[in-house]
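Here the sequence shown stands for residues 1 to 843, where the numbers follow UniProt numbering.
Note that the Cβ used here is the ideal one computed from N, Cα and C, for glycine as well.
Since the structure comes first, as structure tokens, the remarks are kept for the end.
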Amino acid sequence: MFNRNNLPSVPNPFSSRQDGAARAPPRDPYASQGQGPAPPRRNEQAYPPRGRGDYDTRMHDGYGASRHSPAPPQYDGTGSQRGMTSRSSGMKGRQGTPGATWQLRPAKSPDNTYTFRNLVAVSPMDIPPSRDGSDILLLLQNAYVVSARPYDGFPPGQISLSDAQRTWMGIALTDIVSVEMYDPFSNGGQAYLGAMDMEIGFASQKKQEQKPYDQDELAKVVTGLFENQVFAPGQRLMMDLRSIPLLLVVKTVQLMDLTEKSSSAPTTSDPTARGIVTAHTAINFYKDAKTPIQLKGSTRRPAANSIVAPDFKFENMGIGGLDTEFSTIFRRAFASRIFPPGLVEKLGIQHVKGILLFGPPGTGKTLIARQIGKMLNAREPKVINGPEVLNKYVGQSEENIRKLFADAEKEYKEKGDESGLHIIIFDELDAVCKQRGSGAGGGTGVGDSVVNQLLSKLDGVDQLNNILLIGMTNRMDMIDDALLRPGRLEVHMEISLPDEHGRSQILKIHTQKMRENNVMDRDVDLAELAHLTKNFSGAEINGLVKSATSFAFNRHVKVGTMAGISDDIDQMKVNRQDFFNALEEVKPAFGVSEAELEKCLHGGIIHYSPFIDNILAEGRLFVEQVRKPDSTPLFSVLLHGPPASGKTALAAKIAIDSEYPFIKLVSPEDMVGFNEMAKVQYLSKVFMDAYKSPMSIIVMDNIERIVDWVPIGPRFSNSVLQTIMVLLSKQPPKGRRLLILATTNERSVLQQLDIFNSFNSDIPVPNVNSYEELAHVMQKSGAFSPQDIQRSLEEIRDITQSQEVGVGIKRILLGIETAKQDADMASRFSGVISRAVAERQYS
């Protein structure tokens, strides 16, 4: 029999010794664990040639390739031989040379040695052993690197893969695996691992232990067992320690080039970044929250019980425009949980137990909760909707709350501060946590009992320190105040409408697949769309993208059919015009009241007098005053003048030209049939909506009509009046800016009601007073010839015997529209205006 021990020792190419000698192997952890003798060491053995008479063990290169003999044929286990690439193909025809490939079938590991040492077995007939007996590095599926050892008696045409390896590669036992030699130094770059992060947990539910694992000892065992193997992010492997099978997952790696002056690359979770494990590789361990494994720190390496996954990236969550909010949530709720419990105990603090996410609908609150599991290295969060808590049976609603905390209570009693984090996500929190005593729950008191039960679990006598409750609501004002104090839901994070940068991120997320699959036309400019989608929420941007695709689909529907698809469907692309059509169809809930403002500007602004230019210039001055961050966050302006003088049109013009993202018109028409309480609620909601946008303008038209003022009496609604006065002086939230433009026909009335002084400035708006101004208006209308204009002005002077006109611009434009219906436009117009002038003289 061939004696493997008589072969001379050959230097290990992966040895970190400078003299080129093979590194002394670590102590074999399997020698005393009842698993049988350890396999012979690879640098002390060799395998005899099999199957081919011309195979010469003395002619191998460093990776087991024969320089002179052709590769042995591949055997698929069915009695047939599948030859490799023909010898005439050059380098591909020689075994072990770069580019040589095998097609092998996966098989189970021959014994635990291969399973728990992250090795794969191959047949010596397929891949002979290396000359120095070191493990052979193989590249599988052109993506995964493994360490292989030829195994006596292993069937040719197969390669053994453990369960962990097959899970990592996504390979089934019925697949065919492409195998080739791998040279870690082929790229000429960083080939060694300077550091890596690994997640560790129990591989079996039956074999577990409560004794904590020291991280320093774990690092020594890992580097000893897997030295000279190649690791990459996402790789899964198993090892056996103290007869307990452990599952390890590589999260991130940091590559180094030991041939240079300790040059290193940034830490990365890119699965294509791979390197060789050495005795000097620094390993940081993170506990798998799904298993009860415990890690013990040391002075050099504190216990790494971080709840944030080391390979976490914000872009993986599919949420855009919330970078600042995530940073604040991490600092307030998660930062203290990274550090060892002993350090937190020295500070004398407790972890944050609750976060409240509030804001307008569609801004991403529920999406954050849905994706937060990707960010955390913890148990899967429990998600519950508020209405699901309520139950018709007595006491069942309270029992549902207790069940949410049952697992956390049990583990906290057993492990104390070493307990893992339990996350509870509570959507629509306002449905069950309304103000106590408000009668919520139909008068049965169920709502109050649910709030009391939740308060006791969050911060009661037997308080827990291993829970995090994340609540979400659109109506923070409805939630009981006791739930919002520190110690309970103490972190209040507003998820507001995204800014332009955030909208650009959201558009990139929702159009990512379009761009990757080349179904979005090149003329689509996402930066342009982000600018045009002012005050769009994340959900509305998603709706915009879906609307644009519907227009693209519609172009490829057969003419005359509803379900037929044209033959050029493979050329379908979503283009710029599709998005512009979608912008006409999808409107933001919190945006510019374009339709109402356009009605106010019917006919446009006619600059018949220098006063009009001065009014618009002063309005632009107030707009810029509110826009500047270091200026006034709240400013109110009152435009007053005679009826029909164009006050509303001027206010609408100032608002539209400001390009503020939120503009809302409030007029008496919106509140027809409202009682006092309904008006108060409507006005409060308009201002609350305005506070949600960074910059807002509210146009309050005909303010005396809004307060129900009538001259007989006089009578007015004091509740509405007081509400308006309070809202005019109420400062918006920090970072929000508001400009209020109000109009009135009764300046003296507002002075009597003591609301006039609530405005920061007032602008008088005049009528069309002179005949020159009237002639300018007639000329700009384009309805009259110069002769008709001159004749009309003369007739008006003769009829009224007045040198002043004094008629509002709105009434003049209405008279022009009336005159257009008459054959003699000049006479008809002069008659209408003469009556208006006479009314002014006798009023």
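Checklist entry - Assuming residue 680 and residue 719 make a contact with CB atoms under 8 Å, what is their CB distance in whole Å? => result Start at 1 with the first residue of the sequence shown, and residue 680 comes out as number 680. Start at 1 with the first residue of the sequence shown, and residue 719 comes out as number 719. With 8 Å as the limit, residue 680 and residue 719 qualify as a contact, their Cβ atoms being about 6 Å apart.
Next on the checklist: Which residue wins for smallest C-alpha separation from residue 611, given the options 150, 810, 283, 763?
Outcome noted: Residue mapping note: residue 611 aligns to position 611 of the sequence shown, counting from 1. Comparing Cα-Cα distances from residue 611 to each of 150, 810, 283, 763, the minimum goes to 763.
Next on the checklist: For the beta strand (DSSP E) containing residue 284, name the first residue and the last one.
Outcome noted: Translated into positions along the sequence shown, residue 284 becomes position 284. 282-287 is the extent of the beta strand (DSSP E) around residue 284.
Next on the checklist: Taking the alpha-carbon of residue 688 as reference, which of 489, 738, 787, 678 has the nearest alpha-carbon?
Outcome noted: On the sequence shown, position 688 is the one that residue 688 refers to. Among 489, 738, 787, 678, the Cα nearest to that of residue 688 is on 738.
Checklist entry - Going by C-alpha distance, which of 471, 656, 658 is nearest residue 372? => result The count along the sequence shown starts at 1 and reaches residue 372 at position 372. Comparing Cα positions, the closest option is 471.
Checklist entry - Any idea what DSSP makes of residue 838, helix, strand or coil? => result Along the sequence shown, one-based indexing puts residue 838 at 838. Residue 838: helix per DSSP, three-state reduction.
Item to check | residue 838 versus residue 800: straight-line alpha-carbon distance, rounded | outcome: Locating residue 838 in the sequence shown gives position 838, counting from the first residue. Locating residue 800 in the sequence shown gives position 800, counting from the first residue. About 7 Å.
Checklist entry - Can we say the region 629-640 touches the region 661-673, given the rule of at least three CB pairs closer than 8 Å? => result no
Next on the checklist: Tell me which residues share the same chain as residue 827 and place their Cβ nearer than 6 Å to its Cβ, disregarding the 5 neighbours each side in the sequence.
Outcome noted: The sequence position of residue 827 within the sequence shown is 827, counting from 1. Cβ within range, chain order: n/a, list empty.
Item to check | Reference residue 126, options 141, 107, 158, closest by Cα | outcome: In the sequence shown, residue 126 corresponds to position 126, counting from 1. Of 141, 107, 158, the residue nearest in Cα terms is 158.
Checklist entry - When the distance is taken between beta carbons, is residue 506 closer than 8 Å to residue 362? => result Mapped onto the sequence shown, residue 362 falls at position 362. Mapped onto the sequence shown, residue 506 falls at position 506. No, Cβ-Cβ distance for residue 362 and residue 506 is not below 8 Å.
Checklist entry - If we ignore side chains and look at the alpha-carbon of each, how far apart do residue 829 and residue 815 end up? => result Locating residue 829 in the sequence shown gives position 829, where the first residue counts as 1. Locating residue 815 in the sequence shown gives position 815, where the first residue counts as 1. Near 6 Å, if we compare the C-alpha coordinates of residue 815 and residue 829.
Item to check | Candidates 780, 181, 593: closest to residue 698 by CA position | outcome: Here residue 698 is taken as the residue at index 698 of the sequence shown, counted from 1. For residue 698, the nearest C-alpha among the options comes from 593.
Item to check | Any alpha helix (DSSP H) of 4 or more consecutive residues that is wholly inside the region 752-838 | outcome: 771-781, 786-800, 809-819
Item to check | beta strand (DSSP E) runs wholly inside the region 581-646, at least 3 long, in chain order | outcome: 634-640
Item to check | Residue range of the alpha helix (DSSP H) that includes residue 554 | outcome: Walking along the sequence shown from the start, residue 554 turns up at place 554. Looking at the DSSP string, the run of the alpha helix (DSSP H) that includes residue 554 is 538-554.
Item to check | Between the CA atoms of residue 820 and residue 792 - distance to the nearest angstrom | outcome: Locating residue 792 in the sequence shown gives position 792, where the first residue counts as 1. Locating residue 820 in the sequence shown gives position 820, where the first residue counts as 1. About 14 Å.
Item to check | Option in 289, 284, 356, 143 with minimal Cα separation from residue 270 | outcome: Taking the first residue of the sequence shown as position 1, residue 270 is located at position 270. Ranking the options by Cα distance to residue 270, first place goes to 143.
Next on the checklist: Which residues does DSSP list as the beta-bridge partners of residue 106?
Outcome noted: For the purposes of this step, residue 106 is taken as the residue at position 106 of the sequence shown. Looking at the DSSP assignment, residue 106 forms a beta bridge with 159.
Checklist entry - Can we say the region 109-124 touches the region 154-174, given the rule of at least three CB pairs closer than 8 Å? => result yes
Item to check | For residue 458 and residue 468, believed in contact at Cβ under 8 Å, the rounded distance | outcome: Within the sequence shown, the letter at position 468 stands for residue 468. Within the sequence shown, the letter at position 458 stands for residue 458. No, residue 468 and residue 458 are not in contact; Cβ-Cβ is about 10 Å, not under 8 Å.
Checklist entry - Assuming residue 279 contacts residue 238 under a Cβ cut-off of 8 Å, what Cβ separation, rounded to an integer in Å, is found between them? => result As a working mapping, residue 279 is identified with position 279 in the sequence shown. As a working mapping, residue 238 is identified with position 238 in the sequence shown. Not really, about 21 Å apart at Cβ, beyond 8 Å.
Checklist entry - Taking the beta strand (DSSP E) that residue 382 falls in, what are its first and last residues? => result The residue you call residue 382 lines up with position 382 of the sequence shown. Run containing residue 382: 382-385, per the beta strand (DSSP E) assignment.
Checklist entry - By the 10 Å Cβ neighbour count, where 16 or more other Cβ atoms means buried, how is residue 602 classified, buried or exposed? => result Taking the first residue of the sequence shown as position 1, residue 602 is located at position 602. Residue 602 should be labelled exposed.
Checklist entry - So residue 455 packs on residue 482, CB below 8 Å; how close in whole Å? => result For the purposes of this step, residue 455 is identified with residue 455 of the sequence shown, where counting begins at 1. For the purposes of this step, residue 482 is identified with residue 482 of the sequence shown, where counting begins at 1. Going by Cβ atoms, the distance from residue 455 to residue 482 rounds to 6 Å, so yes, they are a contact pair.
Checklist entry - Which same chain residues, not among the five before or five after residue 329, have their C-beta less than 8 Å away from its C-beta? => result By 1-based counting over the sequence shown, the position of residue 329 is 329. Cβ neighbours of residue 329 beyond the five flanking positions: 355, 491, 493.
Item to check | Bounding residues of the beta strand (DSSP E) (the contiguous stretch that carries residue 422) | outcome: The count along the sequence shown starts at 1 and reaches residue 422 at position 422. Note, residue 422: beta strand (DSSP E), 422-427.
Next on the checklist: Could you compute how far the alpha carbon of residue 707 sits from the alpha carbon of residue 749?
Outcome noted: The residue given as residue 707 occupies position 707 in the sequence shown. The residue given as residue 749 occupies position 749 in the sequence shown. Spanning the two alpha carbons is a distance of roughly 11 Å.
Checklist entry - Tell me the DSSP bridge mates of residue 268? => result Here residue 268 refers to the residue found at position 268 when the sequence shown is read from its first residue. DSSP output for residue 268 lists 253 as bridge partner(s).
Checklist entry - Should residue 364 be labelled buried (16 or more other beta-carbon atoms within 10 Å of its own) or exposed? => result For the purposes of this step, residue 364 is identified with residue 364 of the sequence shown, where counting begins at 1. Classification of residue 364: buried, given that the 10 Å Cβ count is 16 or more.
Checklist entry - By the 10 Å Cβ neighbour count, where 16 or more other Cβ atoms means buried, how is residue 510 classified, buried or exposed? => result The sequence position of residue 510 within the sequence shown is 510, counting from 1. Flag for residue 510 reads buried.
Checklist entry - Does the count of Cβ pairs from the region 197-211 and the region 167-177 closer than 8 Å reach three? => result no
Item to check | Contacting residues, own chain, Cβ-Cβ under 8 Å from residue 53 (five flanking each side not counted) | outcome: Taking the sequence shown and counting its residues from 1, one reaches residue 53 at position 53. Low local confidence applies: a pLDDT of 34 at residue 53 is under 50, so the model's placement there is unreliable, with the coordinate-based value given in what follows. Cβ neighbours of residue 53 beyond the five flanking positions: none.
Checklist entry - How many Å lie between residue 169 and residue 586 at the Cα? => result In the sequence shown, the residue the question calls residue 169 occupies position 169. In the sequence shown, the residue the question calls residue 586 occupies position 586. Their Cα atoms are separated by approximately 44 Å.
Checklist entry - Less than 8 Å separating the beta-carbons of residue 852 and residue 811? => result Examination of residue 852 is not possible in this model, given that the chain is present from 1 through 843 alone.
Checklist entry - What is the DSSP secondary structure of residue 321, reduced to helix, strand or coil? => result For the purposes of this step, residue 321 is identified with residue 321 of the sequence shown, where counting begins at 1. Coil.
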